[in-house]
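Numbers 133 to 282, taken from this note's numbering, label the letters of the sequence shown in order.
Idealized CB from N, CA, C, for every residue including glycine.
These notes concern the structure reproduced below.
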Amino acid sequence: MSHRSEILQRAHDRAAQSDLPYSGAVTPEEAWELLQSLPGAHLVDVRSHAELQFVGVVPGALSLEWKAWPGMQPNPHFLAQAEHQLDKETVLMLLCRTGARSDEAARLLASHGFSSVYNVLEGFEGDKDEAEHRGQLTGWKARGLPWQQG
């Protein structure tokens, strides 16, 4: 079994253990490895435009806002935008700040026929540390994966 297959199997196992309605859940490192080794895979960043601008972005990620700042109101066009910009058969890995909003978005996409949807656990910034700051303990940034200031 290839390393890529092992990652996908772990992701599927996590989904089964947590009764997730989508394909699976990957760690930030696994998502990065799949992006590098799986042709056509996409990282879809569902954070708000404000978060992207002020917190940082993953180069090459597609931005598809799930909720908008201020007020974090749901994007009423999210599904239509996803259907317009993404192939329903493509491997999609959804990323938000901590993994919560990307879980919501993954559930919606899976319920509308997207067949290979994965949530990136820990998100871009991860859990808060003892000083209530994110981006130091867990998440894409803390794992030292590629990102740049927005």
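Starting from residue i and walking both ways along the alpha helix (DSSP H), at which residues does that stretch end?
{"i": "residue 152", "result": "Element bounds for residue 152: n/a, residue is neither H nor E."}
{"i": "residue 184", "result": "181-187"}
Does DSSP put residue i in a helix, in a strand, or in coil?
{"i": "residue 141", "result": "helix"}
{"i": "residue 163", "result": "helix"}
{"i": "residue 277", "result": "coil"}
{"i": "residue 269", "result": "coil"}
{"i": "residue 134", "result": "coil"}
{"i": "residue 212", "result": "helix"}
Between the Cα of residue i and the Cα atoms of the options, which residue gives the shortest distance?
{"i": "residue 154", "options": "276, 211, 245 and 265", "result": "245"}
{"i": "residue 214", "options": "228, 160 and 198", "result": "198"}
{"i": "residue 173", "options": "250, 184 and 186", "result": "250"}
{"i": "residue 260", "options": "270, 202 and 201", "result": "270"}
{"i": "residue 273", "options": "175, 188 and 133", "result": "188"}
Which word fits residue i, buried or exposed, when buried means at least 16 other C-beta atoms lie within 10 angstroms of its C-beta?
{"i": "residue 135", "result": "exposed"}
{"i": "residue 264", "result": "exposed"}
{"i": "residue 160", "result": "buried"}
{"i": "residue 225", "result": "buried"}
{"i": "residue 177", "result": "buried"}
{"i": "residue 256", "result": "buried"}
Going by DSSP, what residue range makes up the beta strand (DSSP E) through residue i?
{"i": "residue 174", "result": "174-177"}
Please give me, in chain order, every unbroken run of the beta strand (DSSP E) with length at least 3 that falls completely inside the stretch 218-253.
224-227 and 249-252
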